[in-house]
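382 is the number that my numbering gives to position 312 of the sequence shown; each next residue is one higher, with no gaps.
The beta carbon of each residue, even a glycine, is placed where N, CA and C say it ideally should be.
Predicted model only: the values in this text are computed from it and were never measured.
Working notes for the structure below.
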Amino acid sequence: MTGFSLWTEDWIPVQTLEGDRLKVSLPEALTRAHTLLGISDPSPLITVALHRLLLAVILRTHRLRDAGDWERLWRVGRFDADAVAAYGEGREEQFDLLHPTRPFYQVPFMHGEKVHPVAALALEAASGNNPALFDHGRVEGDTVLPLDRAACYLLAHQAFAVGGGVSKPFNRMDAPLTKGFVVEVVGRNLFETLALNVMTRQYWDRLTPEVGDDRPFWEEENPPEPVKEGTVVRGPLHYLTWQSRQIHLVVDAERRVVTGCQIAQRYCLPKDGSPMDPGKCYYASEDKKEAGWLPRRLQRDRPAWQFTHVLLQSAAGGKDRTMVLSWLAALRQREQELGTIELPRAVSLAVTGLTTDPKLAAKIELWRREEIGLPLAILDDPALVRRVGLLMADAGWVEALLRRATEALVWALSDRQHLREAVAYLHTGQTGQAKMPPHVAPVARGEGVTLRYWAAMEAPFRRVLFQLPEREFAEVRSDWHERLRQNAKAAFEATLTAQRGAGAPWEVLSVIHDGFSRRIARIPTNREGESDDDSDSE
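Printed below as a string of structure tokens:
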């Protein structure tokens, strides 16, 4: 069968700056990166996986030892076409998806291993325990995949495969990007996006210092055998091209399509609790069972923008660590101090991750990719980073009030004898001698009040990020409080209106509404000294 080399074939989906969508080869994606808007794929997993592959090739073809090397690349504004071409000479077979003995990112056919439907390759598709996430028909409309799409799904599977289940040589374990979310800096074109994420070797050494012959996986002549205790990461090239699974694509030679796949466990990362990935947001765990640095995870009911303050604090050297944001902050500082580079005024932070079922970790609930616009001026002043945290703390205080008000409403409607206690709980969060019935909290969550509130706050938050470096904080915070009040009132009023329509007693609705209105009128700015002296109202 004729091969399919990812070095020469057009297979990477991209969008040009003019808006056209097309497919390009791997070297073309790099040499034309300054003319491309970015990767254009409906799957967020594939987008991240393609970025990782391109970053590995950049580190292999460009000298990026220190900040000076990176600055020279940035000022040129494009990747070195000659260096990329020179690297590719004679390597077509290393990138051959159909190579008989060393297929790209795969292993040869595994005798005795089950052949799965091609849908098993696409983690986003409906198969097994998982619901449809990005399910395009049965996997893009058929039970087969063209070779170019199979290559994309292959990369994503190696990066995001979920652990759990029996396999050989040991049970399946999570791929490097499965737990936690991944943060990528998105620039004005694909060149800027890749350059802002590639980092220099000095930064990579803080995570995965070279401990041997660091090379991308396609250059491995004699790959080591997998071990359950974890395989030592030899450096950034080894990590970026990590092979979490033994995969073999079953191909129909005549039609040149993939009809099935074999998937088994391959390499797992060491379980030493050290931060390995520059794009993950890690926090120091104090749990004896999970010591070390653990990746923060997305929550099913909270979009990523609500964690912006956590990401920015990690960039400013807080308790959390997100190396790519520390790198971005260092670039911004160098720009301000030396003036040797000119960064864009603003970038986007793309956050990609998954959530799993708490009771069944191998069951994926959802994948999410969001972009958060960020003016780089926020990184210039730690006070601005703290102010983002204060604004989100204000929003969190209002959320807690909304939750208490809804619970108080449900409590009072279910037992009018405890109306006074319900109002007191609205104000203080304390129930006194009365005991709130266990059904109250679940029913209150079902009202969706806080979801409506946060959905309404997204656009104002995105605007306020750009206002912070330009306006007095007192003015920004005052406007922010007014928006919090308006959206909280609207979210709560929707529930009250529904209750009125259902015939709920007017006096209960009125008392709870008045209590909420009094409390929301004053959003405290110093919650440590907050007083609840108005809690005697009914």
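Here G235 is exposed: its Cβ has fewer than 16 other Cβ atoms, across all protein chains shown, within 10 Å. When the alpha-carbon of A400 is set against those of A568, S548, M269, the nearest one is in M269. By the beta-carbon neighbour count (other beta carbons within 10 angstroms, threshold 16), S344 is exposed. Straight-line measurement puts the Cα of F531 at about 29 Å from the Cα of Y495. In the structure shown, the three-state DSSP call for L87 is coil. Given a length threshold of 4 residues, each whole run of the alpha helix (DSSP H) inside the region 440-512 is given here in chain order: 452-484, 489-498. When the alpha-carbon of D111 is set against those of D485, S384, P83, the nearest one is in P83. From the listed residues L382, R135, A119, the smallest Cα separation to E280 is found for R135.
Beyond the five residues adjoining it in sequence on each side, W274 comes within less than 6 Å, by CB distance, of P306 in the same chain, given in chain order. Per the DSSP secondary-structure output, E254 pairs in a beta bridge with A420. Here the C-alpha atom of E563 lies approximately 20 Å from the C-alpha atom of A529. Straight-line spacing of the CA atoms in L449 and P539 works out to 10 Å. By the Cβ neighbour-count rule, P340 is exposed, with fewer than 16 other Cβ atoms within 10 Å of its own. DSSP places W81 outside both helix and strand once states are collapsed to three, so it counts as coil. In this structure, F287 is the residue among R439, F287, E469, D322 with its C-alpha nearest to the C-alpha of H308. One alpha carbon belongs to Q403, the other to S355, and they sit about 30 Å apart. When beta bridges are read from the DSSP output, W437 appears opposite L424. L167 is classed as buried because its beta carbon has at least 16 other beta carbons within 10 Å across all chains shown. The beta carbon of W144 sits closer than 7 Å to the beta carbons of A265, I411 from its chain, once the five residues preceding and following it are set aside; these are given in chain order. Within the region 256-339, complete alpha helix (DSSP H) segments of at least 4 residues are found at 260-268, 271-274, 306-310, given in chain order.
Pairing F240 with Q176 gives a Cβ-Cβ distance that is not under 7 Å. Assignment of D218 by DSSP, reduced to helix, strand and coil, places it in the helix class.
L107: member of the beta strand (DSSP E) spanning 106-109, first to last residue. In the DSSP annotation of this structure, the continuous segment of the beta strand (DSSP E) that includes S355 starts and ends at 352-355.
Taken atom to atom, the span from the alpha-carbon of L554 to that of L193 is near 38 Å. Counting only runs of at least 4 residues, the region 130-201 fully encloses the following alpha helix (DSSP H) elements, listed from N- to C-terminal order: 137-146, 151-158. A Cβ-Cβ contact shorter than 7 Å links V455 with L382. Collapsing the DSSP output to three states places L535 in a helix.
Boundaries of the beta strand (DSSP E) harbouring W363: 362-365, taken from the DSSP string. Distances from the alpha-carbon of Q313 to those of T422, P296, E405 put P296 closest. Two segments are said to touch when three or more pairs of C-beta atoms, one from each, lie closer than 8 Å; by this definition the region 108-123 touches the region 246-260. Secondary structure note for P97: its alpha helix (DSSP H) is the uninterrupted segment 96-101. In the assembly as shown, W81 is a buried residue. Its beta-carbon has 16 or more other beta-carbons within 10 Å. Counting only residues of its own chain and dropping the five nearest sequence neighbours on each side, G362 has a CB closer than 7 Å to the CB of D342, G343, S344, S355. Taking D322 as the centre and dropping the five residues before and after it, the same chain places the C-beta of T329 closer than 6 Å to its C-beta, in chain order.
Within the same chain, and ignoring the five residues on either side of L260 in sequence, the residues whose Cβ sits closer than 6 Å to its Cβ are A103, L106, G108.
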